[in-house]
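Numbering (the working numbering), first residue to last: 3 to 91. For reference, the structure discussed in these notes is given below.
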Amino acid sequence: MKVPLRFASVGAATPAFSAAVVAIAGFLALAWGFSTGRVALVSVLSSLQSGVSVLLVALLTRKSPGAAQIAGLALVTLGLGSIHAFRNS
3 MKVPLRFASV GAATPAFSAA VVAIAGFLAL AWGFSTGRVA LVSVLSSLQS
53 GVSVLLVALL TRKSPGAAQI AGLALVTLGL GSIHAFRNS
């Protein structure tokens, strides 16, 4: 049985549209950062997107992150701290 295609309702399409706008804004910010010539710094900062995603999901769904996610957040934070320490020394 074939089901005809139809567009999603406005309420269902809003999260997808919002995600697309944020993704485009993130890409433009990344491109602008690369144009400044500080490629090493921009690429490290762009690696934070996974940590921000974990924190947003935990905040919005009120579910606690798993052990692997917490370990990942700790490693990203430790890495950024070490880059900051070595850069300023």
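For glycine and all other residues, C-beta sits at the position ideal for the given N, C-alpha and C.
Selection from the options that minimises the alpha carbon distance to residue i
| i | options | result |
| --- | --- | --- |
| L57 | A27, V44, G74 | G74 |
| R89 | V59, V46, A22 | V46 |
| A27 | S48, F9, V41 | S48 |
| V54 | S11, F36, A76, A14 | A76 |
Where residue i falls: helix, strand or coil (DSSP)
| i | result |
| --- | --- |
| G28 | helix |
| V5 | coil |
| G68 | coil |
| S11 | coil |
| R40 | coil |
| L80 | helix |
Residue i versus residue j - alpha carbon distance
| i | j | result |
| --- | --- | --- |
| V24 | P6 | 31 Å |
| P67 | G39 | 35 Å |
| H86 | T16 | 38 Å |
| S52 | M3 | 41 Å |
| L80 | T63 | 26 Å |
| K65 | L30 | 31 Å |
| F9 | V59 | 27 Å |
| A21 | Q71 | 22 Å |
| S84 | A18 | 36 Å |
| W34 | V12 | 32 Å |
Whole-angstrom C-beta distance between residue j and residue i, which should lie under 8 Å
| i | j | result |
| --- | --- | --- |
| L61 | V78 | 17 Å between Cβ atoms; not a contact. |
| V44 | L32 | 7 Å |
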